[in-house]
Amino acid sequence: MKVKFLGAVGNVTGSRFLLENSHSKILIDSGLYQERDLRIRDWEKLPVDVSSVDSVLLTHAHLDHCGYLPKLVKDGFSGKIFCTPPTAEIAKIALLDAAKLQEEDAQRKKKRHEREGRKGPYPEVPLYTSEDAEKVFPLFEMIEYNKKTRVSSDIEVTYHDAGHVLGSAMIEATFNQNRIQRAAIFSGDIGRCNKPILRDPTFFQHANYVFMESTYGNKLHEEKEPATEKLRRIIIETQKKGGNVVIPTFAIERAQELLFYLSAFLRENKIPPITVFVDSPMAINVTEVFKNYPEYFDDETQKLIRQGKSPFDFPLLKTTRTNSESKAINYIKEPCIIMAGSGMCVGGRIKHHLVQNITRPESTILFVGYQAKGTLGREILERPEEVRILGSTYPVKARIEKINGFSAHADRDELLKWVGSFKEKPEKIFLVHGEEEVANDFAAVLKNKIHSSAKNNTAADTQIIVPEYLQEYEL
Numbered sequence: 004m005k006v007k008f009l010g011a012v013g014n015v016t017g018s019r020f021l022l023e024n025s026h027s028k029i030l031i032d033s034g035l036y037q038e039r040d041l042r043i044r045d046w047e048k049l050p051v052d053v054s055s056v057d058s059v060l061l062t063h064a065h066l067d068h069c070g071y072l073p074k075l076v077k078d079g080f081s082g083k084i085f086c087t088p089p090t091a092e093i094a095k096i097a098l099l100d101a102a103k104l105q106e107e108d109a110q111r112k113k114k115r116h117e118r119e120g121r122k123g124p125y126p127e128v129p130l131y132t133s134e135d136a137e138k139v140f141p142l143f144e145m146i147e148y149n150k151k152t153r154v155s156s157d158i159e160v161t162y163h164d165a166g167h168v169l170g171s172a173m174i175e176a177t178f179n180q181n182r183i184q185r186a187a188i189f190s191g192d193i194g195r196c197n198k199p200i201l202r203d204p205t206f207f208q209h210a211n212y213v214f215m216e217s218t219y220g221n222k223l224h225e226e227k228e229p230a231t232e233k234l235r236r237i238i239i240e241t242q243k244k245g246g247n248v249v250i251p252t253f254a255i256e257r258a259q260e261l262l263f264y265l266s267a268f269l270r271e272n273k274i275p276p277i278t279v280f281v282d283s284p285m286a287i288n289v290t291e292v293f294k295n296y297p298e299y300f301d302d303e304t305q306k307l308i309r310q311g312k313s314p315f316d317f318p319l320l321k322t323t324r325t326n327s328e329s330k331a332i333n334y335i336k337e338p339c340i341i342m343a344g345s346g347m348c349v350g351g352r353i354k355h356h357l358v359q360n361i362t363r364p365e366s367t368i369l370f371v372g373y374q375a376k377g378t379l380g381r382e383i384l385e386r387p388e389e390v391r392i393l394g395s396t397y398p399v400k401a402r403i404e405k406i407n408g409f410s411a412h413a414d415r416d417e418l419l420k421w422v423g424s425f426k427e428k429p430e431k432i433f434l435v436h437g438e439e440e441v442a443n444d445f446a447a448v449l450k451n452k453i454h455s456s457a458k459n460n461t462a463a464d465t466q467i468i469v470p471e472y473l474q475e476y477e478l
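Using our numbering, the first residue of the sequence shown is number 4, and each one after it goes up by one.
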């Protein structure tokens, strides 16, 4: 058995790992690249015959894990796509939304480039269309948590709750090698303990090979209380100045978690009355999926629902599906909170709200999720004097804030706790989903921790590997 790294190595997005032997080819995730300098890889031919791939194992429905599926199918993949039921529902929403944005962006860029007399780095056509996205849907095959499923003649998988977003999974793949059963765990994105709505991530005791994320491998998040208190303070301070709080929001999980806290703030009179706009058809649709799967929630959220207190609804909440409703937000004179996608500001309605607010000193641009290198969100977060949005340059006058405590990704200590749960140390640990410097920093910390706690030579021999793009390893 060998693995080839087709994405999410040396960077965070573009999750694609090819697991293969003489009988099977399995793709773990099929995600889009979202870093500006790497997005060209989405257009390049995948370095594998996609028609020979037996199946795709999907960890969850974020676009950097599922957004390449329509291109994969367009290029000849016709196998099954295994995932949990909520992941399938959310992925359908995410893929249609991504296709629509790509169609609109391609049309807009073509007009702009014609006007400016130049060509961009990407073809002026969408990577895929809505029709391409819809061709993915019949291939989804549902898997429930903790049920072993055969995905090829010689590979079985079990999905475990990752605690990251609704329906997210860690994938345990088992296969025979030299008549000995081996186990590989693909962590996907590792969630955090004691977060609202979702259950805690799964911890394991045994695996021969582990592929784990390292997104926040050299950082610590704020504690839960300071994060919520900082959110409350920013809202009150911005409201007093007469500005808007603009939150680039990931439609999957982050939007629902923010609604959970905003609902509680207003219910408990912790902030003055303020209108909250969810200006994202995708976030609105995903929230409806959340409501359909209460059995996936943690005990606290299920108790809230039994008490008749919806964590996703409150009187001052306004959802805007149409473009005209979105544009009408610009005419609201009173301070408001605007949650819009995309979470890294790489497309969608958030760009228009940034244009309206980034030059206003009284407004706040608040980031509550990871901003990958090369994205507009990361650029704004670094507080430049000016920034280019939708083809025009604007001075950055708004207050720029970041709260890490809402992250759905485990931080350094939480990652160490997760990997430290293995009673038998894995033979190989591959660190993925991390910028190069971060992954290398975490590798050094992990090596030191494993070796210092080793009780025998076998444990000390665990290999910590930071793979590179297109590298291949024998398992």
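We put the beta carbon where it would ideally sit given N, CA and C, even for glycine.
Please report the straight-line C-alpha distance between Ile146 and Ile332, rounded to a whole angstrom.
Rounded to the nearest angstrom, the two C-alpha atoms are 41 Å apart.
For His209 and Tyr148, I'd like the C-alpha separation in whole angstroms.
Taking the straight line joining both Cα atoms gives about 18 Å.
What is the DSSP secondary structure of Arg402, counted as helix, strand or coil?
If DSSP states are grouped into helix, strand and coil, Arg402 belongs with the strands.
Could you name the residues of the same chain whose beta carbon sits closer than 8 Å to that of Thr205, not counting the 5 residues immediately before and after it, in chain order?
For Thr205, where only same-chain residues beyond five positions count, the Cβ hits under 8 Å are His163, Asp164, Ala165, Gly166 and Met173.
Pro129: which of Pro73, Ala254 and Thr367 sits nearest, CA to CA?
Taking only the C-alpha atoms, the option nearest Pro129 is Pro73.
Whole-number beta carbon distance between Met342 and Thr378, since they are thought to touch under 8 Å
Here Thr378 is actually not in contact with Met342; their C-beta atoms are around 18 Å apart, not less than 8 Å.
Selected residue, minimal CA-CA separation from Leu142, among Val160, Val51, Glu92 and Thr323:
Of the candidates Val160, Val51, Glu92 and Thr323, the one whose C-alpha sits nearest the C-alpha of Leu142 is Glu92.
Quick one: residues in its chain with C-beta nearer than 7 Å to the C-beta of Tyr264, no 5 flanking neighbours on either side, listed in chain order?
Once the five neighbours on either side are set aside, the close Cβ partners of Tyr264 are Thr231 and Leu234.
Is Ser58 helix, strand or coil by DSSP?
Secondary structure of Ser58 (DSSP, three-state): strand.
Assign Asp45 to one of two classes, buried (16 or more other C-beta atoms within 10 Å of its C-beta) or exposed (fewer than that).
Label assigned to Asp45: buried.
Nonlocal neighbours in the same chain, by C-beta distance under 6 Å from Val76, ignoring five residues either side
So the qualifying residues of the chain are Lys138 and Val139.
Does DSSP classify Arg153 as helix, strand or coil?
Correct three-state label for Arg153: strand.
To the nearest angstrom, report how far apart Tyr397 and Arg257 are at their CA atoms.
Distance between the alpha carbons of Tyr397 and Arg257: 27 Å.
In three-state terms, what does DSSP make of Thr231?
Residue state, collapsed to three classes: helix.
With distances taken Cα to Cα, identify the nearest neighbour of Asp22 among Lys150, Glu159 and Glu271.
The amino acid occupying residue 22 in the given sequence is Leu; Asp does not appear at that position. Closest by alpha carbon: Glu159.
So is Lys95 buried or exposed if we call it buried at 16+ other beta carbons inside 10 Å?
Under the 10 Å beta carbon count, Lys95 is surrounded by 16 or more other beta carbons and is classified as buried.
Give the DSSP-derived three-state secondary structure of Ala64 in the structure shown.
In the three-state reduction of the DSSP assignment, Ala64 falls in the coil class, being assigned neither a helical nor a strand state.
Under a three-way DSSP split, which group does His116 fall into?
His116: helix per DSSP, three-state reduction.
In this structure, what does DSSP give as the bridge partners for His163?
As DSSP reads the structure, His163 sits in a beta bridge with Met173.
For Lys28, which residues from the same chain have a beta carbon less than 6 Å from its beta carbon, with the 5 sequence-adjacent residues on both sides left out?
For Lys28, where only same-chain residues beyond five positions count, the Cβ hits under 6 Å are Ser55, Val56 and Asp57.
Euclidean distance between Cα positions of Val248 and Glu382:
Their backbone Cα atoms lie some 18 Å apart in a straight line.
For Pro429, which residues in the same chain have their Cβ closer than 7 Å to its Cβ, ignoring the five residues on either side in sequence?
Answer for Pro429: Ala210, Asn211, Tyr212, Val213 and Thr465, listed in chain order.
Would you kindly report the start and end of the unbroken beta strand (DSSP E) that includes Tyr476?
Run containing Tyr476: Glu475 to Glu477, per the beta strand (DSSP E) assignment.
Within 10 angstroms of its Cβ, does Ser455 collect 16 or more other Cβ (buried), or is it exposed?
Under this definition Ser455 is an exposed residue.
Please list the segments of the alpha helix (DSSP H) lying wholly inside the region 347 to 413, counting only runs of 4 or more residues, in order along the chain.
Listed in chain order, the complete alpha helix (DSSP H) runs (minimum 4 residues) inside the region 347 to 413 are 353 to 360 and 379 to 384.
Enumerated in chain order, which unbroken segments of the beta strand (DSSP E) with a length of 3 residues or greater are wholly contained in the region 291 to 327?
320 to 322, all fully within the region 291 to 327.
Check this for me: beta carbons of Ile200 and Thr290, under 8 Å apart or not?
No; because the gap between Cβ atoms is not below 8 Å, this pair is not in contact.
Residue from Ile467, Val469 and His356 whose Cα sits closest to the Cα of Ser345
Across the set Ile467, Val469 and His356, the C-alpha of His356 shows the shortest separation from the C-alpha of Ser345.
How would you write the range of the alpha helix (DSSP H) that Arg415 sits in, first residue to last?
In the DSSP annotation of this structure, the continuous segment of the alpha helix (DSSP H) that includes Arg415 starts and ends at Arg415 to Val422.
Cα-Cα separation, Phe315 to Ile239:
Each residue's CA atom was taken as its position, placing Phe315 and Ile239 some 21 Å apart.
Check whether the region 181 to 188 touches the region 278 to 286, counting contact only when three or more Cβ pairs, one atom from each stretch, lie closer than 8 Å.
At 8 Å Cβ cutoff, the stretches do not touch.
For Val53, I'd like the list of residues in its chain whose CB is within less than 7 Å of its CB, leaving aside the five on either flank, ordered along the chain.
If you ignore the 5 residues before and after Val53, its C-beta comes within less than 7 Å of the C-beta of Leu75, Asp78, Gly79 and Phe80, all in its own chain and listed in chain order.
Going residue by residue through the region 174 to 258, where are the continuous alpha helix (DSSP H) segments of at least 4 residues, counting only ones entirely within it?
Counting only runs of at least 4 residues, the region 174 to 258 fully encloses the following alpha helix (DSSP H) elements, listed from N- to C-terminal order: 227 to 244.
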